[in-house]
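**Q**
Residue numbers (full-length UniProt numbering): 1 to 462.
1. Less than 8 Å separating the beta-carbons of residue 348 and residue 456?
2. Which residues in the same chain as residue 375 place their Cβ atom closer than 8 Å to its Cβ, once the five residues preceding and following it in sequence are excluded?
3. Identify whether residue 91 lies in helix, strand or coil by the three-state DSSP scheme.
4. In chain order, what residues of the same chain have a beta carbon less than 8 Å from the beta carbon of residue 162, not counting five sequence neighbours either side?
5. Who does residue 367 pair with in a DSSP beta bridge?
6. Taking the runs of the beta strand (DSSP E) that are 3 residues or longer, which of them lie wholly in the stretch 203-285?
7. Just curious, the beta strand (DSSP E) that residue 335 is in, first and last residue?
8. Distance, Cα to Cα, residue 422 vs residue 412?
9. Along the beta strand (DSSP E) that carries residue 322, what are the first and last residues, could you check?
10. Looking at the strands, I want to know which residues DSSP matches up with residue 164.
11. Among residues of its own chain, excluding the 5 on either side of residue 262, which ones have a beta-carbon nearer than 6 Å to its beta-carbon?
12. Got a sec? Which residues, its chain only, sit under 8 Å from residue 132 by beta carbon, not counting five neighbours each side?
13. Closer than 6 Å by C-beta to residue 226: which residues in its own chain qualify, once you throw out the five before and the five after it? Chain order, please.
14. To the nearest angstrom, how far is it from the Cα of residue 452 to the Cα of residue 397?
15. Counting contacts by CB-CB distance shorter than 8 Å, is residue 322 in contact with chain B?
16. Going by DSSP, name the residue or residues bridged to residue 126.
17. How many Å lie between residue 400 and residue 155 at the Cα?
18. For residue 380, does the three-state DSSP call read helix, strand or coil?
19. What residue range does the beta strand (DSSP E) around residue 424 cover?
20. By DSSP, does residue 353 sit in helix, in strand, or in coil?
21. Classify residue 284 as buried or exposed, calling it buried when 16 or more other Cβ atoms lie within 10 Å of its own Cβ.
22. Taking all protein chains shown into account, decide if residue 180 is buried (16 or more other Cβ within 10 angstroms of its Cβ) or exposed.
23. Taking residue 448 as part of the beta strand (DSSP E), name the residues at either end of that continuous run.
24. Would you report the Cα separation of residue 320 and residue 191, rounded to the nearest angstrom?
25. Compute the beta-carbon to beta-carbon distance between residue 167 and residue 208, rounded to the nearest angstrom, for a pair I have assumed lies under 8 Å.
26. Of all the options 458, 443 and 417, which has the alpha carbon lying nearest to the alpha carbon of residue 384?
27. Over the uninterrupted beta strand (DSSP E) stretch that includes residue 412, give me the two end residues.
28. Below 8 Å between beta carbons: does that hold for residue 328 and residue 406?
29. Going by other Cβ atoms of all chains shown within 10 Å of its Cβ, with 16 needed for buried, is residue 104 buried or exposed?
30. Does the beta-carbon distance from residue 182 to residue 251 come in below 8 Å?
31. In whole angstroms, give me the CA-to-CA distance for residue 244 and residue 222.
32. Considering just the uninterrupted stretch of the beta strand (DSSP E) at residue 171, what are its terminal residues?
33. Would you decide whether residue 444 is buried or exposed? Buried here means 16 or more other CB atoms lie within 10 Å of its CB.
34. Opposite residue 403 in the DSSP bridges: which residues?
35. Please report the distance separating the alpha-carbon of residue 186 from that of residue 165.
36. Look up residue 459 in the DSSP assignment and give the residues it is bridged to.
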């Protein structure tokens, strides 16, 4: 049905019938408070303003379709346009994260003249990051300095920083003497019976003279000579150590910042002493220089009593002698041992001349080259050397047994008269004996010489 609208300025009200539209536009519907379903606005939700929602949602070019809205809210707008229903909590979470991202972006991208306001925990985070950065810089500087010190700094003992220590004791009161350099020290130990440096006072006591050189005065002042006396068993122990903390001792030792020279001088009129034990537990050798000593330009050497024209022996004899080095040589000159001799060089060699009567044990990582003087029927000589073990004797009548673990060298026996009688020989073993003058084999187990080495050699010089 159609209705004709009158013309003119007639302001009267009349019933007008309007044809229904071809497409009826759907208007937003607001439900009652009992029904919570409604379309969300584009701005931050205000759930108590329903009229504004209806106004904003109308029109084709309304805020929902405005391209300028953009950003993080465009996704929510498209969902609202399609009528997607979301919970208020998710919207609040999304809005909060969007605001936080915008603040952080504005803070880092803004000029220095402008700084976006930060929340309290962000300020705390900023200061924590600043502190960690400063700590990292100092840590890198410290690591660089430590590496430069460890790999470039060279510590050298200097004569300008030196100290002398001295101790003496009566050998009649202490017949057993044990001296050692500890593991945190480096140096040489020498034993004399006569020395022109310390013989002027003609003392009847055993003297210990220590000369320590260091890279600084603090190191030399830390060098200490300690003693432990036991009068009940007539023994005395003395040692040299550094009075430092453990990490400082390790640094001094690793860098070689200290060098110690020890001289033990026995009285020149002394003929016998019961037991002498000398150990060098770190790097350095032990020298047994008994008898009168002649000094050269750069080194000293003992005049062996067996080479003297008068045939006199060294004036001082020891009942027992125990020598050990960790990384250094053992050197004998004019040593006379009656009962037992033990010599060990864990990383070095054993060299020299010694007079022995009974039991002898020598062990070295390197070479053992020793001349032995003995006419005793109780001689029991055992030598072990990693590289070469060579024993020389002026005369000998007894059994010989030699063993090698090398496939290249063979056990060897040399004598001028060719009197050696071979009993058994293989690629790595050799056994036999030197007979008595009448040509018979020695009947007892002693005297005996045993050499175990990479290259064992036994030689008779006369």
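Built from N, CA and C at the ideal position, the CB exists for glycine as well.
Predicted model only: the values in this text are computed from it and were never measured.
**A** Working from what's here:
1. no
2. 395
3. helix
4. 211, 212, 213, 214 and 220
5. Beta-bridge pairing links residue 367 to 388.
6. 206-214, 223-230, 235-242, 258-265 and 272-283
7. It spans 330-345 - the beta strand (DSSP E) in which residue 335 sits, taken as one unbroken run.
8. The alpha-carbon atoms of residue 422 and residue 412 are separated by roughly 11 Å.
9. It spans 317-327 - the beta strand (DSSP E) in which residue 322 sits, taken as one unbroken run.
10. 211
11. Setting aside the 5 residues that flank it on each side, residue 262 is surrounded in the same chain by 189 and 210, each with a C-beta closer than 6 Å to its C-beta; the list follows chain order.
12. Result list for residue 132: empty, nothing under 8 Å.
13. 239
14. In this structure, the straight-line span from the alpha carbon of residue 452 to that of residue 397 is close to 20 Å.
15. The structure shown contains no chain B; it is built from a single protein chain.
16. Looking at the DSSP assignment, residue 126 forms no beta bridge with any residue, so it has no partner.
17. 50 Å
18. Strand at residue 380.
19. 421-425
20. strand
21. With 16 or more Cβ atoms within 10 Å of its Cβ, residue 284 is classed as buried.
22. buried
23. Taken as a continuous stretch (DSSP letters only), the beta strand (DSSP E) holding residue 448 covers 448-453.
24. Spanning the two alpha carbons is a distance of roughly 14 Å.
25. 4 Å
26. 458
27. 412-415
28. no
29. When all chains shown are included, residue 104 counts as exposed.
30. no
31. 7 Å
32. Neither: residue 171 is in no beta strand (DSSP E) and is coded neither H nor E.
33. exposed
34. 429 and 452
35. 16 Å
36. 392 and 414
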